[in-house]
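This report concerns only the one structure given below.
Protein chains in written order, with the working numbering: chain A, 61 to 213; chain B, 61 to 213.
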């Protein structure tokens, strides 16, 4: 197949987020400056960048930490309001020891604040999609497995 | 965010394939007319189509059967020879009872032949990528888990 053929194929945008905890089992949540709700570290995957590498990069850019990630889920989201369909990956970023927790620095203007919150409290602040996706990911983490989801169902 | 913003985001093409067995634990392999090696049922995921739905559609188009699928792996492949990077999904399509095995019909000119083969024999015929990806998927199936891979590593 010629490269021109590959260029004609349908493509999807994708993003990735990380579930990172402190040693009190609290989840790291971030407040994006330009959104009404809270989120988790992560963002858009770049061209010729893997979902995991993109998530590592975004975490570093947002909170200044190097994390290693474990795959928890890939969630296909159908096109809504003309945005096109997408894939969202969630990775487990582990438990930060206190010295790392204290080393968090918000390094981008895109994030205005961060909090570690008990999961049930964190869920109240997250987007509707993450409210549905995160509990399923935590369940997968407990079972040491990984999930394929569609529209968070 | 405006829809124009979403249109500017990087995107990746993606494909999906199914591991389908007969009741002798043999793997269904297909011979694409336009390739030198054998493959598994599956193909390119369309716009606003989920990886799983795309795989179900391709299996139906290629062998005339309706299958239900279980997620086994998502494998990111870096851009090679200007083709752009991509995601490849593998699903488990279960074990066909003899009446379904006998009902297979090659319904597209893109597939010239099919065989059920013991896995070690099938692997000899598959592409280099599938040679590496399929054994990992079968291991994940055994452990009832799912995998994230990068460049089949």
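Think of the CB as a built atom: it goes at the ideal place given N, C-alpha and C, for glycine as much as any other residue.
Partners in chain B for residue i, counting only beta-carbon separations shorter than 7 Å
| i | result |
| --- | --- |
| residue 126/A | Per Cβ cutoff of 7 Å: no residues; residue 126/A is ~18 Å from chain B at best. |
| residue 71/A | 71, 72 and 73 |
| residue 111/A | 136 |
Neighbour list for residue i in chain A, Cβ cutoff strictly below 8 Å
| i | result |
| --- | --- |
| residue 178/B | Here the premise fails: no neighbours, minimum Cβ distance about 28 Å. |
| residue 217/B | What is shown of chain B runs 61 to 213, which leaves residue 217/B out entirely. |
| residue 108/B | 138, 139, 144 and 145 |
Any chain B beta carbon closer than 7 Å to residue i
| i | result |
| --- | --- |
| residue 98/A | no |
| residue 208/A | yes |
Residue i: contacting residues in chain A (beta-carbon distance under 7 Å)
| i | result |
| --- | --- |
| residue 143/B | 63 and 66 |
Contact set between residue i and chain B, taken where Cβ atoms lie within less than 8 Å
| i | result |
| --- | --- |
| residue 105/A | 70 and 72 |
Cβ neighbours of residue i in the same chain (closer than 8 Å, five flanking residues each side left out)
| i | result |
| --- | --- |
| residue 76/A | 102, 103, 105, 111, 112, 114, 115, 118, 148, 149, 150 and 151 |
| residue 3/B | Residue 3/B cannot be examined here, being either before or after the span of chain B that is shown, 61 to 213. |
| residue 157/A | 83 |
Any C-beta of chain D under 7 Å from that of residue i
| i | result |
| --- | --- |
| residue 93/A | Among the chains of the structure shown, chain D does not appear; the protein chains present are A and B. |
CB contact below 7 Å: residue i versus chain A
| i | result |
| --- | --- |
| residue 131/B | yes |
| residue 139/B | yes |
6 Å Cβ shell around residue i - same chain, five flanking residues per side excluded
| i | result |
| --- | --- |
| residue 161/B | 82 |
| residue 80/A | 88 and 153 |
| residue 139/B | 145 |
| residue 210/A | 136 |
| residue 176/A | 82, 86 and 88 |
Cβ neighbours of residue i in the same chain (closer than 7 Å, five flanking residues each side left out)
| i | result |
| --- | --- |
| residue 178/B | 86 |
| residue 206/B | 131, 132, 133 and 200 |
| residue 78/B | 100, 101, 102, 115, 119, 127, 129, 151 and 153 |
| residue 97/A | 185, 186 and 187 |
| residue 171/A | 90, 91, 92, 93 and 122 |
| residue 212/A | 135, 189, 192 and 193 |
beta-carbon residue i near the ligand MG non-hydrogen atom, thresh 6 Å
| i | result |
| --- | --- |
| residue 91/B | The ligand MG is not part of the structure shown, which contains no ligands of any sort. |
For the 8 Å Cβ check, are there 3 or more pairs between the segment 171-188 of chain B and the segment 80-93 of chain B? yes
Are the segment 191-206 of chain A and the segment 98-116 of chain B in contact at 8 Å, needing three or more beta carbon pairs? no
Count the CB pairs spanning the segment 199-206 of chain A and the segment 119-132 of chain A that are closer than 8 Å, and state whether there are at least three. yes
I'd like the ranges of any alpha helix (DSSP H) spanning at least 4 consecutive residues and lying wholly in the segment 150-182 of chain A. 158-162
Complete alpha helix (DSSP H) runs within the segment 107-134 of chain B (minimum length 4 residues, chain order): 111-123
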